[in-house]
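S.K.:
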Amino acid sequence: MPGGGVQEVWNVPATTAAILELGDRLVCQGVTRVVMEATGTYWKPYFFLLEARGLDCWLVNARDVKNVPGRPKTDKLDAVWLAKLTERGMLRPSFVPPKPVRQLRDLTRLRTVLNQERARHKQRVEKVLEDAQIKLTSVITDLFGVSGRLMLAALIAGEHNPHTLADLARGNLVRKKTALAEALNGKFEDHHGFLCQTLLDSIDHLTAQIARLTEQITTVVRDLPGPEGTSALRPGPSLVERLDAIPGVGITTAHVLLAELGPDMGVFPTADHLASWAKLTPRTTQSGAKRGASPTGRGNPWLKGALGEAATAASRTDTFLGARYRRIVKRRGRKKALVAVARSILVIAWHLINDPDTEYSDLGSDYHQRLIDPNRRTRDLVRQLKALGHDVALTPATA
Numbered sequence: 001m002p003g004g005g006v007q008e009v010w011n012v013p014a015t016t017a018a019i020l021e022l023g024d025r026l027v028c029q030g031v032t033r034v035v036m037e038a039t040g041t042y043w044k045p046y047f048f049l050l051e052a053r054g055l056d057c058w059l060v061n062a063r064d065v066k067n068v069p070g071r072p073k074t075d076k077l078d079a080v081w082l083a084k085l086t087e088r089g090m091l092r093p094s095f096v097p098p099k100p101v102r103q104l105r106d107l108t109r110l111r112t113v114l115n116q117e118r119a120r121h122k123q124r125v126e127k128v129l130e131d132a133q134i135k136l137t138s139v140i141t142d143l144f145g146v147s148g149r150l151m152l153a154a155l156i157a158g159e160h161n162p163h164t165l166a167d168l169a170r171g172n173l174v175r176k177k178t179a180l181a182e183a184l185n186g187k188f189e190d191h192h193g194f195l196c197q198t199l200l201d202s203i204d205h206l207t208a209q210i211a212r213l214t215e216q217i218t219t220v221v222r223d224l225p226g227p228e229g230t231s232a233l234r235p236g237p238s239l240v241e242r243l244d245a246i247p248g249v250g251i252t253t254a255h256v257l258l259a260e261l262g263p264d265m266g267v268f269p270t271a272d273h274l275a276s277w278a279k280l281t282p283r284t285t286q287s288g289a290k291r292g293a294s295p296t297g298r299g300n301p302w303l304k305g306a307l308g309e310a311a312t313a314a315s316r317t318d319t320f321l322g323a324r325y326r327r328i329v330k331r332r333g334r335k336k337a338l339v340a341v342a343r344s345i346l347v348i349a350w351h352l353i354n355d356p357d358t359e360y361s362d363l364g365s366d367y368h369q370r371l372i373d374p375n376r377r378t379r380d381l382v383r384q385l386k387a388l389g390h391d392v393a394l395t396p397a398t399a
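Heads up: the sequence shown runs through residues 1 to 399, numbered per full-length UniProt numbering.
(1) Between which two residues does the alpha helix (DSSP H) containing residue 130 stretch?
(2) Would you tell me roughly how many angstroms separate the C-alpha atoms of residue 266 and residue 383, rounded to the nearest one?
(3) Going by Cα to Cα distance, which pick from 176, 113, 188 is closest to residue 301?
(4) Would you kindly work out how many angstroms separate the C-alpha atoms of residue 306 and residue 355, rounded to a whole number?
(5) Report back the beta-carbon spacing between residue 261 and residue 343 to the nearest angstrom; my notes put them in contact at under 8 Å.
(6) Using a Cβ-Cβ cutoff of less than 7 Å, which residues in the same chain neighbour residue 351 once the five nearest sequence positions on both sides are dropped?
(7) What residue range does the alpha helix (DSSP H) around residue 350 cover?
(8) Identify the residues that DSSP records as bridge partners of residue 290: which are they?
(9) Using alpha carbons as the reference points, say which of 138, 204, 195 lies closest to residue 424.
(10) What's the gap between the Cα of residue 323 and the Cα of residue 316?
(11) So residue 203 and residue 118 are supposed to be a Cβ contact under 8 Å. How far apart are they, rounded?
(12) Grouping DSSP H, G and I as helix and E and B as strand, with all else coil, what is residue 190?
(13) Quick one: give me the first and last residue of the alpha helix (DSSP H) that residue 380 is part of.
(14) Bridge partners for residue 59 per DSSP, in chain order?
(15) Shortest alpha-carbon distance to residue 401 belongs to which of 159, 255, 201?
(16) Considering only their Cβ atoms, is the gap separating residue 94 from residue 50 smaller than 7 Å?
(17) For a quick check, are the C-beta atoms of residue 12 and residue 18 less than 7 Å apart?
(18) Does the count of Cβ pairs from the region 326-333 and the region 282-292 closer than 8 Å reach three?
(19) Between 155, 373, 346, which lies nearest to residue 274 when the distance is taken from Cα to Cα?
(20) Return the CA-CA distance between residue 226 and residue 264, expressed in angstroms with no decimal places.
(21) Determine the contact status of residue 199 and residue 125, defining contact as a CB-CB distance below 7 Å.
(22) In three-state DSSP terms, what is residue 208?
(23) Out of 210, 159, 212, state which residue places its alpha-carbon closest to the alpha-carbon of residue 193.
(24) Compare the Cα-Cα distances from residue 224 to each of 97, 295, 151 and report the closest residue.
(25) Could you check what DSSP says for residue 272 in three-state terms: helix, strand or coil?
(26) Using the Cβ count rule (16 or more neighbours within 10 Å means buried), how would you classify residue 248?
(27) Using only the alpha-carbon positions, how far apart do residue 53 and residue 20 sit?
(28) Mapping DSSP to helix, strand and coil, what is residue 222?
(29) Kindly indicate the opening and closing residues of the alpha helix (DSSP H) around residue 74.
(30) What's the gap between the Cα of residue 393 and the Cα of residue 180?
(31) Apart from the five residues just before and just after residue 173, which ones in its own chain have a Cβ nearer than 6 Å to its Cβ?
(32) If you draw a straight line from the C-alpha of residue 162 to the C-alpha of residue 154, how long is it?
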């Protein structure tokens with residue numbers, strides 16, 4: 001409180017009326033900032049209602065505000081401790097995006113959950129088929145594609161002739177009819193049909209819900225306001241389009257990046273700040289003469305999950321990110337290589353969001369090779385050939 005040191009502690013119920021009354025009381029007493037721990041979702045009603053009342057609300061990580069070990073721990077003492085840390089400027093607020101971005105987050109996170117649930121139902125269908133000795137997944141790449149759904153529908157309808165079922169193949173699967181007939185020769189009973197039909201109904205229902213969510217996400221992205229103090233009124237569609245240009249990043253991942261980061265990079269002064277916040281930067285530990293690197297940390301699970309999928313997809317491409325993965329995986333292993341590629345994708349996203357005029361331009365899969373001195377590269381290649389037992393004679397190429 002300005003010019004004062006008054007301390008009061010009282011209980012506030014988690015009801016709308018009580019929180020609004022708290023906001024009025026704090027404003028009347030001259031309080032300008034409210035600090036609260038991030039504990040599950042219990043902080044949200046206090047944060048949002050007090051924020052709407054005009055108070056400067058800070059959400060802080062509970063690990064950053066632990067009291068001195070050995071001291072008693074009660075809600076009252078925790079509140080007093082938070083007030084002391086705030087008064088001395090020893091706290092850092094967590095990133096809480098504005099309301100439009102929070103609503104977009106709710107939609108993208110729900111879509112992610114439904115996608116995961118649909119994937120689990122698909123795995124259950126595969127398990128039922130295995131129980132019935134139907135080995136379709138050993139021949140078909142996508143069990144839920146056109147051919148797979150036709151065969152599943154026929155099995156559920158009571159068709160058990162493997163050759164008749166194999167004739168339902170479409171596209172490239174037509175060439176695999178013999179293998180399909182062998183895979184479809186099982187013991188599929190009415191019990192399996194009931195289970196499969198129930199699971200397929202759930203899959204179709206989830207697919208329809210995901211499609212509705214995607215439509216709503218597209219609408220919210222279109223109406224997303226730009227950062228304060230800029231001329232960008234609705235930058236959402238443009239941002240999604242430019243993020244989609246990053247190898248491994250599709251429209252769905254671009255939606256997640258925009259929802260988790262927001263359209264305003266003012267909260268992250270540099271790309272390194274963003275990577276550190278996302279826990280994609282190894283932490284250095286030093287004690288005496290020993291120096292090491294500790295794990296990156298947990299970070300935002302929704303953001304890290306999307307970046308992990310994007311990094312996995314990018315690792316298979318003939319691009320700079322793909323080459324970066326292949327270059328690191330030989331020395332550090334798959335997990336660390338994927339984390340490095342995920343960090344690169346996040347850094348690229350920061351630049352694209354921070355500067356509306358920036359477009360993604362791939363450096364090329366041979367970027368690192370171009371940086372190597374030609375003479376050094378020649379010596380390395382000659383040494384490799386000699387190690388394989390070859391005599392090497394170099395002749396300069398004619399122009």
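We put the CB at the ideal spot given by N, CA and C, even for glycine. From a predicted model like this one, the values you see are computed outputs, not experimental measurements.
M.R.: In brief:
(1) Looking up residue 130 in the sequence shown gives position 130. Looking at the DSSP string, the run of the alpha helix (DSSP H) that includes residue 130 is 99-131.
(2) On the sequence shown, residue 266 is found 266 positions in, with the first residue counted as 1. On the sequence shown, residue 383 is found 383 positions in, with the first residue counted as 1. Rounded to the nearest angstrom, the two C-alpha atoms are 50 Å apart.
(3) Here residue 301 corresponds to residue number 301 of the sequence shown, with the count starting at 1. Closest by alpha carbon: 113.
(4) Taking the first residue of the sequence shown as 1, we reach residue 306 at position 306. Taking the first residue of the sequence shown as 1, we reach residue 355 at position 355. Residue 306 and residue 355: Cα-Cα distance of roughly 22 Å.
(5) Within the sequence shown, numbered from 1, the residue matching residue 261 stands at position 261. Within the sequence shown, numbered from 1, the residue matching residue 343 stands at position 343. Going by Cβ atoms, the distance from residue 261 to residue 343 rounds to 14 Å, so no, they are not a contact pair.
(6) Taking the first residue of the sequence shown as 1, we reach residue 351 at position 351. Once the five neighbours on either side are set aside, the close Cβ partners of residue 351 are 271, 358.
(7) As a first step, residue 350 must be located in the sequence shown, where it is residue number 350. Unbroken alpha helix (DSSP H) run through residue 350: 334-354.
(8) Taking the first residue of the sequence shown as 1, we reach residue 290 at position 290. Looking at the DSSP assignment, residue 290 forms a beta bridge with 287.
(9) A question about residue 424 goes unanswered here, because the residues of the chain that appear run from 1 up to 399.
(10) On the sequence shown, position 323 is the one that residue 323 refers to. On the sequence shown, position 316 is the one that residue 316 refers to. Looking at the two C-alpha atoms, the distance is approximately 9 Å.
(11) Residue 203 sits at position 203 when you count from the first residue of the sequence shown. Residue 118 sits at position 118 when you count from the first residue of the sequence shown. Yes, they are in contact, since the Cβ atoms of residue 203 and residue 118 sit about 6 Å apart, within 8 Å.
(12) Numbered from 1 along the sequence shown, position 190 holds the residue referred to as residue 190. Reduced to three states, the DSSP call for residue 190 is helix.
(13) The residue given as residue 380 occupies position 380 in the sequence shown. That run of the alpha helix (DSSP H) goes 374-387.
(14) Walking along the sequence shown from the start, residue 59 turns up at place 59. 36.
(15) Nothing can be reported for residue 401: it is not among the residues displayed for the chain, which extend from 1 to 399.
(16) In the sequence shown, the residue the question calls residue 50 occupies position 50. In the sequence shown, the residue the question calls residue 94 occupies position 94. It is not a contact, given that the beta carbons lie outside the stated cut-off.
(17) In the sequence shown, the residue the question calls residue 12 occupies position 12. In the sequence shown, the residue the question calls residue 18 occupies position 18. Yes, these two residues count as a Cβ contact at 7 Å.
(18) no
(19) As a working note, residue 274 is residue 274 in the sequence shown. Answer by Cα proximity: 346.
(20) The residue given as residue 226 occupies position 226 in the sequence shown. The residue given as residue 264 occupies position 264 in the sequence shown. Distance between the alpha carbons of residue 226 and residue 264 is about 7 Å.
(21) If you number the sequence shown from 1, residue 199 lands on position 199. If you number the sequence shown from 1, residue 125 lands on position 125. Cβ distance < 7 Å, so residue 199 and residue 125 count as in contact.
(22) The count along the sequence shown starts at 1 and reaches residue 208 at position 208. Of the three classes helix, strand and coil, the one that applies to residue 208 here is helix, per DSSP.
(23) Along the sequence shown, read from residue 1 onward, the residue named residue 193 stands at position 193. It is 159.
(24) Locating residue 224 in the sequence shown gives position 224, where the first residue counts as 1. Among 97, 295, 151, the Cα nearest to that of residue 224 is on 97.
(25) Locating residue 272 in the sequence shown gives position 272, counting from the first residue. Helix, per DSSP.
(26) Locating residue 248 in the sequence shown gives position 248, counting from the first residue. Flag for residue 248 reads buried.
(27) Position 53 of the sequence shown, counted from the first residue, corresponds to residue 53. Position 20 of the sequence shown, counted from the first residue, corresponds to residue 20. Those two C-alpha atoms are separated by around 8 Å.
(28) Translated into positions along the sequence shown, residue 222 becomes position 222. Of the three classes helix, strand and coil, the one that applies to residue 222 here is helix, per DSSP.
(29) The residue labelled residue 74 in the question sits at position 74 within the sequence shown. Careful: residue 74 lies outside any alpha helix (DSSP H) and carries neither H nor E.
(30) The sequence position of residue 393 within the sequence shown is 393, counting from 1. The sequence position of residue 180 within the sequence shown is 180, counting from 1. Going by the C-alpha atoms only, they are around 54 Å apart.
(31) Taking the first residue of the sequence shown as position 1, residue 173 is located at position 173. Result list for residue 173: 147, in chain order.
(32) Along the sequence shown, one-based indexing puts residue 162 at 162. Along the sequence shown, one-based indexing puts residue 154 at 154. Between residue 162 and residue 154, the C-alpha separation is close to 11 Å.
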